[in-house]
Amino acid sequence: MLAKRYSGPADNPRVFAHQASDDVMTLTQYRGVARTKIAFVSDRDRVPGRATKEIYIMDYDGYNPRRVTVNRSLNILPNWSPDGRSLAYVSYRRGNPDVFVASIYEGRSADLTGDKGGAAFAPAISPDGKRIAYASSRAGNMDIWVANIDGSSPRRLTSTGALDTAPTWSPTGQEIAFTSGRSGSPQIYVMDTEGLNVRRLTNVGSWNDAPAWNPSKQFGEIAYTARLENRTFDIAVIDIATRQVRQLTQGRGSCEYPSWAPSGRHLTFACGRGGKWQIAVADRLGQTITMLPAGPGKNEQPDWGP
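In this note's numbering, the protein residues as written are 3 to 308.
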């Protein structure tokens, strides 16, 4: 048992409960998630007549949502920095989709791609926090690029003429998985960070997109959005070594945009049915799936952070 005294604001006992939960997990040698945050996209504060979506963060269990962006435009695809102090995301605030990085506690945002031309999507910060991958059309085609975390020294990694997007880093930071239409339909590919040794990973399903590499080196797997047995999208996980696929969701409408917890033992995603989109959390095998009380509006594109 833990012999530890907890202190803090008495009006928020959930803080004590989350800290105690994580401390109990340390006894099992597994990293807890009770004090982690999930970023997500919502239209709950939409402006009439405008396509408004903002970035929010909440506790891992869906409580205490807080708005991060306040620019009354379209803000999508959030991605946490490994230290939990910043969020990369895509914003249309200047008309063109560009990658921004928001400092959550200082309330500042920096435009990383606005002076580069073209459209930029799907930012992904590296595990060491020093680099950022994203998709950009600055060279005329949507390709995968990598730059320093401040946007400097951008390098193009793909140039096939196909649509390449949705990069995600391996736990070592030495490889990147991404979505490409080079085979005729969106599929998941893997390459090294120089753009070499490209190989196709998925062969099951007519549409595979939005890969998320499990951050734990223990598991060696990638979750993604898949169209497998029917016309809806579900969450699937592929073992990188064996190429075996397991389907995590079924019969919940369309489920998209998976993201792993820092421990790699749980993941979050969004499910939509009848125009209503809410965020879910599941264990990595999909045995327990819980819908979170994320609040009003269409809530989607979750990203699980520290």
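The beta carbon of each residue, even a glycine, is placed where N, CA and C say it ideally should be.
Given the structure is predicted, the values throughout are model-derived calculations rather than measurements.
When Cβ pairs closer than 8 Å are counted between the two stretches, the region 80-95 is seen to touch the region 129-148, the count reaching three or more. The Cβ-Cβ distance between I57 and V43 falls below 8 Å.
S256 places its beta carbon 8 Å or farther from that of W306.
As DSSP reads the structure, M144 sits in no beta bridge. Taking C-beta separations shorter than 7 Å and ignoring five residues to either side along the sequence, D117 has no partners in its chain.
Beta-bridge annotation (DSSP): R158 is paired with W147. Residue environment: P80 is assigned as buried (16 or more neighbouring CB atoms within 10 Å of its CB, all protein chains considered). For A135, DSSP records a beta bridge to A126 and V148. CA-to-CA, the gap between L198 and W147 works out to about 13 Å. Considering only R275, T292, S154 and R254, the residue with the shortest C-alpha distance to L269 is T292. By the neighbour-count definition (other C-beta atoms within 10 Å, threshold 16), G253 is an exposed residue. Contact fails between the region 98-109 and the region 157-176, because fewer than three Cβ pairs, one in each stretch, are under 8 Å apart.
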